[in-house]
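Numbering of the sequence shown is given in this note's numbering, commencing with residue 22 and proceeding in unit increments.
The C-beta atom is built at its ideal place from N, Cα and C for all residues, glycine as well.
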Amino acid sequence: MPFIQVRIHKSDEPEKYISGINKTLDILGRTNAAISRSILNPKIFIAFTRYESFEEQQKQYNENIKTDMSVIGSFQQIRTGFFVRENTNDKDGKILKNSNYAVINSMTVKMGHIDKIRALGSLHFEKYGKDNASKGIGMWQHRQIIGEPMNRLIYVTSYPDLKSAEDFLTQDFSKRDQQIANELSIFSDNIDSFNARGLFEIIRHQS
(Lines of atoms letter the chains of each structure in order from A; the text may use other names.)
(Lines give C-alpha, C1' and ligand atoms only; values in the text may rest on other atoms or scores of the structure.)
Protein backbone atom coordinates (compact mmCIF):
# COMPACT_ATOMS: atom_id res chain seq x y z
CA MET A 22 0.00 0.00 0.00
CA PRO A 23 1.44 3.41 -0.92
CA PHE A 24 2.34 5.73 1.93
CA ILE A 25 4.06 9.07 2.44
CA GLN A 26 6.91 10.19 4.63
CA VAL A 27 6.39 13.67 6.05
CA ARG A 28 9.49 15.59 7.15
CA ILE A 29 9.52 19.01 8.81
CA HIS A 30 12.81 20.83 8.26
CA LYS A 31 14.20 24.12 9.51
CA SER A 32 17.00 25.86 7.60
CA ASP A 33 18.83 29.06 8.50
CA GLU A 34 19.81 29.28 4.82
CA PRO A 35 16.38 28.82 3.19
CA GLU A 36 17.36 29.93 -0.32
CA LYS A 37 20.32 27.54 -0.31
CA TYR A 38 18.04 24.79 0.99
CA ILE A 39 15.53 25.32 -1.85
CA SER A 40 18.17 25.45 -4.56
CA GLY A 41 20.13 22.55 -3.14
CA ILE A 42 17.24 20.18 -2.50
CA ASN A 43 15.80 20.77 -5.99
CA LYS A 44 19.22 20.14 -7.54
CA THR A 45 19.76 16.99 -5.47
CA LEU A 46 16.31 15.56 -6.24
CA ASP A 47 16.85 16.24 -9.96
CA ILE A 48 20.26 14.52 -9.91
CA LEU A 49 18.73 11.49 -8.20
CA GLY A 50 15.83 11.48 -10.67
CA ARG A 51 13.25 11.71 -7.90
CA THR A 52 9.71 12.50 -8.97
CA ASN A 53 8.02 11.36 -5.77
CA ALA A 54 8.84 14.37 -3.57
CA ALA A 55 6.94 17.60 -2.96
CA ILE A 56 8.32 20.52 -0.96
CA SER A 57 6.36 23.33 0.71
CA ARG A 58 7.62 26.48 2.42
CA SER A 59 5.90 28.15 5.37
CA ILE A 60 4.44 31.60 4.76
CA LEU A 61 4.56 32.43 8.49
CA ASN A 62 8.18 31.32 8.98
CA PRO A 63 10.09 31.02 5.67
CA LYS A 64 12.79 28.95 7.39
CA ILE A 65 10.33 26.07 7.86
CA PHE A 66 9.74 23.48 5.12
CA ILE A 67 7.60 20.36 4.86
CA ALA A 68 8.68 17.59 2.51
CA PHE A 69 6.18 14.95 1.39
CA THR A 70 7.71 11.86 -0.22
CA ARG A 71 5.51 9.11 -1.69
CA TYR A 72 6.63 5.48 -1.64
CA GLU A 73 5.01 2.36 -3.02
CA SER A 74 6.63 0.16 -0.35
CA PHE A 75 9.10 0.20 2.54
CA GLU A 76 11.54 -1.55 0.24
CA GLU A 77 11.47 1.48 -2.07
CA GLN A 78 11.84 3.82 0.90
CA GLN A 79 14.91 1.98 2.16
CA LYS A 80 16.45 1.88 -1.31
CA GLN A 81 16.09 5.66 -1.66
CA TYR A 82 17.34 6.21 1.89
CA ASN A 83 20.53 4.28 1.08
CA GLU A 84 20.97 6.38 -2.07
CA ASN A 85 20.51 9.55 0.00
CA ILE A 86 23.25 8.75 2.50
CA LYS A 87 25.71 8.15 -0.35
CA THR A 88 24.87 11.51 -1.97
CA ASP A 89 26.68 14.78 -1.34
CA MET A 90 24.10 16.89 0.50
CA SER A 91 26.39 19.87 1.11
CA VAL A 92 24.59 21.88 -1.59
CA ILE A 93 21.51 21.91 0.65
CA GLY A 94 23.38 23.49 3.54
CA SER A 95 22.78 22.73 7.18
CA PHE A 96 19.22 22.11 8.32
CA GLN A 97 17.42 20.59 11.29
CA GLN A 98 14.84 17.83 10.98
CA ILE A 99 12.16 18.75 13.50
CA ARG A 100 9.80 15.82 12.98
CA THR A 101 9.20 12.91 10.64
CA GLY A 102 6.67 10.10 10.29
CA PHE A 103 5.01 7.69 7.88
CA PHE A 104 1.37 8.28 6.94
CA VAL A 105 -1.27 6.51 4.86
CA ARG A 106 -3.88 8.40 2.89
CA GLU A 107 -7.42 7.76 4.06
CA ASN A 108 -9.45 10.28 2.06
CA THR A 109 -8.99 12.60 -0.90
CA ASN A 110 -10.99 14.32 -3.62
CA ASP A 111 -7.96 14.25 -5.95
CA LYS A 112 -7.14 10.60 -6.61
CA ASP A 113 -5.44 11.31 -9.95
CA GLY A 114 -3.40 14.22 -8.55
CA LYS A 115 -4.58 16.74 -11.16
CA ILE A 116 -5.75 19.33 -8.61
CA LEU A 117 -2.49 19.18 -6.67
CA LYS A 118 -0.43 19.69 -9.83
CA ASN A 119 -2.29 22.98 -10.40
CA SER A 120 -2.03 24.08 -6.77
CA ASN A 121 0.45 26.66 -5.53
CA TYR A 122 -0.51 26.90 -1.85
CA ALA A 123 -1.63 24.52 0.88
CA VAL A 124 -3.09 24.73 4.37
CA ILE A 125 -1.75 21.90 6.52
CA ASN A 126 -3.41 20.98 9.81
CA SER A 127 -1.93 18.58 12.37
CA MET A 128 -4.05 17.11 15.15
CA THR A 129 -3.94 14.34 17.73
CA VAL A 130 -7.02 12.13 18.10
CA LYS A 131 -8.22 10.92 21.48
CA MET A 132 -7.10 7.36 22.15
CA GLY A 133 -9.73 4.89 20.96
CA HIS A 134 -11.55 7.52 18.85
CA ILE A 135 -9.66 7.12 15.55
CA ASP A 136 -12.45 5.06 13.93
CA LYS A 137 -14.99 7.82 14.71
CA ILE A 138 -12.75 10.42 13.11
CA ARG A 139 -12.16 8.23 10.06
CA ALA A 140 -15.92 7.81 9.61
CA LEU A 141 -16.52 11.55 10.02
CA GLY A 142 -13.73 12.24 7.55
CA SER A 143 -15.28 9.94 4.94
CA LEU A 144 -18.65 11.69 5.28
CA HIS A 145 -16.98 15.11 5.02
CA PHE A 146 -15.15 14.17 1.82
CA GLU A 147 -18.29 12.66 0.30
CA LYS A 148 -20.27 15.80 1.08
CA TYR A 149 -17.80 18.54 0.15
CA GLY A 150 -15.13 16.91 -1.99
CA LYS A 151 -16.80 17.28 -5.38
CA ASP A 152 -17.76 20.93 -4.84
CA ASN A 153 -14.26 21.83 -3.67
CA ALA A 154 -12.74 20.00 -6.64
CA SER A 155 -14.84 22.11 -9.00
CA LYS A 156 -13.18 25.19 -7.43
CA GLY A 157 -9.69 23.75 -7.81
CA ILE A 158 -9.42 22.96 -4.09
CA GLY A 159 -7.82 19.63 -3.19
CA MET A 160 -8.44 17.74 0.07
CA TRP A 161 -6.43 15.00 1.77
CA GLN A 162 -6.63 13.22 5.11
CA HIS A 163 -3.61 11.18 6.26
CA ARG A 164 -3.20 8.95 9.33
CA GLN A 165 0.18 8.34 10.93
CA ILE A 166 1.28 4.70 11.05
CA ILE A 167 4.87 5.13 12.26
CA GLY A 168 6.14 7.97 14.39
CA GLU A 169 5.17 9.80 17.53
CA PRO A 170 2.34 10.02 18.45
CA MET A 171 0.59 7.15 16.68
CA ASN A 172 -2.84 8.81 16.89
CA ARG A 173 -1.91 11.81 14.71
CA LEU A 174 -3.79 12.99 11.62
CA ILE A 175 -2.84 15.58 9.05
CA TYR A 176 -5.49 17.29 6.98
CA VAL A 177 -4.37 19.15 3.87
CA THR A 178 -6.25 21.47 1.54
CA SER A 179 -4.57 22.90 -1.56
CA TYR A 180 -5.38 26.04 -3.54
CA PRO A 181 -4.55 27.43 -6.97
CA ASP A 182 -3.72 30.89 -5.59
CA LEU A 183 -3.13 32.79 -2.36
CA LYS A 184 -6.53 34.50 -2.47
CA SER A 185 -8.34 31.13 -2.38
CA ALA A 186 -6.29 30.05 0.64
CA GLU A 187 -6.95 33.40 2.33
CA ASP A 188 -10.72 33.04 1.80
CA PHE A 189 -10.62 29.61 3.45
CA LEU A 190 -8.58 30.76 6.44
CA THR A 191 -10.61 33.90 7.10
CA GLN A 192 -14.12 32.51 6.52
CA ASP A 193 -16.75 33.43 9.10
CA PHE A 194 -17.97 30.14 10.56
CA SER A 195 -20.90 31.93 12.23
CA LYS A 196 -22.41 32.26 8.76
CA ARG A 197 -22.13 28.54 7.97
CA ASP A 198 -25.26 26.42 8.28
CA GLN A 199 -26.10 24.64 11.53
CA GLN A 200 -25.33 21.20 10.12
CA ILE A 201 -21.74 22.18 9.44
CA ALA A 202 -21.48 23.61 12.94
CA ASN A 203 -22.76 20.34 14.39
CA GLU A 204 -20.28 18.32 12.32
CA LEU A 205 -17.39 20.50 13.51
CA SER A 206 -18.55 20.11 17.12
CA ILE A 207 -18.63 16.30 16.86
CA PHE A 208 -15.24 16.31 15.17
CA SER A 209 -13.71 18.53 17.87
CA ASP A 210 -15.12 16.31 20.65
CA ASN A 211 -12.98 13.44 19.35
CA ILE A 212 -9.76 15.46 19.02
CA ASP A 213 -7.28 15.46 21.90
CA SER A 214 -5.38 18.50 20.62
CA PHE A 215 -4.97 20.62 17.50
CA ASN A 216 -1.19 20.77 17.19
CA ALA A 217 -0.66 23.30 14.42
CA ARG A 218 -2.03 24.89 11.25
CA GLY A 219 0.23 26.35 8.61
CA LEU A 220 -0.08 28.11 5.26
CA PHE A 221 2.58 26.93 2.81
CA GLU A 222 3.74 27.79 -0.68
CA ILE A 223 4.33 24.69 -2.81
CA ILE A 224 7.81 25.08 -4.28
CA ARG A 225 8.18 21.60 -5.79
CA HIS A 226 5.47 19.25 -7.05
CA GLN A 227 5.51 15.50 -7.37
CA SER A 228 5.45 14.40 -11.00
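Residues bridged to residue i [DSSP beta-bridge criterion]
i: residue 122; result: 180 and 222
i: residue 22; result: According to DSSP, residue 22 bridges with nothing at all.
i: residue 69; result: 27 and 55
i: residue 185; result: Bridge partners of residue 185: none, in fact.
i: residue 191; result: Residue 191 is not bridged to any residue.
Boundaries of the alpha helix (DSSP H) in which residue i is found, first to last residue
i: residue 84; result: 75 to 86
i: residue 39; result: 35 to 49
Straight-line gap, residue i to residue j (C-alpha atoms, nearest Å)
i: residue 49; j: residue 193; result: 45 Å
i: residue 216; j: residue 222; result: 20 Å
i: residue 31; j: residue 143; result: 33 Å
i: residue 160; j: residue 87; result: 35 Å
i: residue 167; j: residue 139; result: 17 Å
i: residue 180; j: residue 149; result: 15 Å
i: residue 89; j: residue 83; result: 12 Å
i: residue 60; j: residue 123; result: 10 Å
i: residue 158; j: residue 188; result: 12 Å
i: residue 34; j: residue 95; result: 8 Å
i: residue 55; j: residue 190; result: 22 Å
i: residue 64; j: residue 152; result: 34 Å
i: residue 98; j: residue 29; result: 6 Å
i: residue 46; j: residue 66; result: 15 Å
i: residue 69; j: residue 132; result: 26 Å
Assigned secondary structure, residue i (DSSP; H/G/I helix, E/B strand, else coil)
i: residue 134; result: coil
i: residue 158; result: coil
i: residue 169; result: coil
i: residue 116; result: helix
i: residue 32; result: strand
i: residue 62; result: coil
i: residue 110; result: coil
Endpoints, beta strand (DSSP E) assigned at residue i
i: residue 93; result: Neither: residue 93 is in no beta strand (DSSP E) and is coded neither H nor E.
beta-carbon residue i near the ligand NAD non-hydrogen atom, thresh 8 Å
i: residue 140; result: The ligand NAD is not part of this structure, which contains no ligands at all.
Check: If we count Cβ pairs, one from each stretch, closer than 8 Å, do we get three or more for the stretch 24 to 34 versus the stretch 97 to 107?
Finding: Contact between the stretch 24 to 34 and the stretch 97 to 107 is present, because at least three Cβ pairs lie under 8 Å.
Check: Quick check: the stretch 125 to 137 against the stretch 171 to 191, are there 3 or more CB pairs under 8 Å?
Finding: Contact between the stretch 125 to 137 and the stretch 171 to 191 is present, with at least three C-beta pairs closer than 8 Å.
Next item on the list: Please confirm if the stretch 34 to 46 is in contact with the stretch 105 to 122, defined as three or more CB-CB distances below 8 Å between the two stretches.
Entry: The answer is no - the stretch 105 to 122 does not touch the stretch 34 to 46, with fewer than three Cβ pairs under 8 Å.
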